[in-house]
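A.B. asks: Numbering of the sequence shown is given in the working numbering, commencing with residue 2 and proceeding in unit increments.
Cβ atoms here follow ideal geometry from the backbone N, Cα and C, with glycine treated the same way.
Quick one: the structure is below, questions incoming.
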Amino acid sequence: MWDYVGYRPLINKLRHSRNVPLKSPKAEVISKDLVRRGFRFVGPVIVYSLMQAAGMTVDHLVDCFRYGECVSLAERPWRHV
């Protein structure tokens, strides 16, 4: 799954909660690939929720107290094994 995002979390700079997306183009691509591989009930909204939970995308609002920490963790170098 991390291959779809280039092994780096996607960082969104959102100011308002109304701007947090329900799905993304990457989530739609991943969803279509999973369906092609035989998975069911993996629509783009479900996949985007998984991406948020797994840390593949950072959707904290810019003024959230956790935003800075999450971005610094997402930007640190990490080696894919």
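Can you give me the Cβ contacts of M57 inside the same chain, cut-off strictly under 6 Å, excluding the 5 residues immediately before and after it?
C.D. replies: Once the five neighbours on either side are set aside, the close Cβ partners of M57 are V6 and P10.
A.B. asks: My understanding is that V63 touches L15, with C-beta atoms under 8 Å, so please give their C-beta distance in whole angstroms.
C.D. replies: That pair is a contact at about 7 Å.
A.B. asks: Using DSSP with H/G/I as helix, E/B as strand and the rest coil, what is V30?
C.D. replies: Helix, per DSSP.
A.B. asks: From which residue to which residue does the alpha helix (DSSP H) around M52 run?
C.D. replies: It spans P45 to A54 - the alpha helix (DSSP H) in which M52 sits, taken as one unbroken run.
A.B. asks: When the Cα of A28 is compared with those of V46, R37, E76 and C65, which residue comes out closest?
C.D. replies: Minimum Cα distance to A28 is reached at V46.
A.B. asks: I need the straight-line Cα distance from G44 to L35, nearest angstrom please.
C.D. replies: If I take the Cα positions, the gap works out to 9 Å.
A.B. asks: Suppose you measure from the CA of Q53 to the CA of D60; what does that come to, to the nearest Å?
C.D. replies: So the two alpha carbons sit approximately 7 Å from each other.
A.B. asks: I'd like to check one pair, S32 with V48: are the Cβ atoms closer than 8 Å?
C.D. replies: Yes. Within cutoff.
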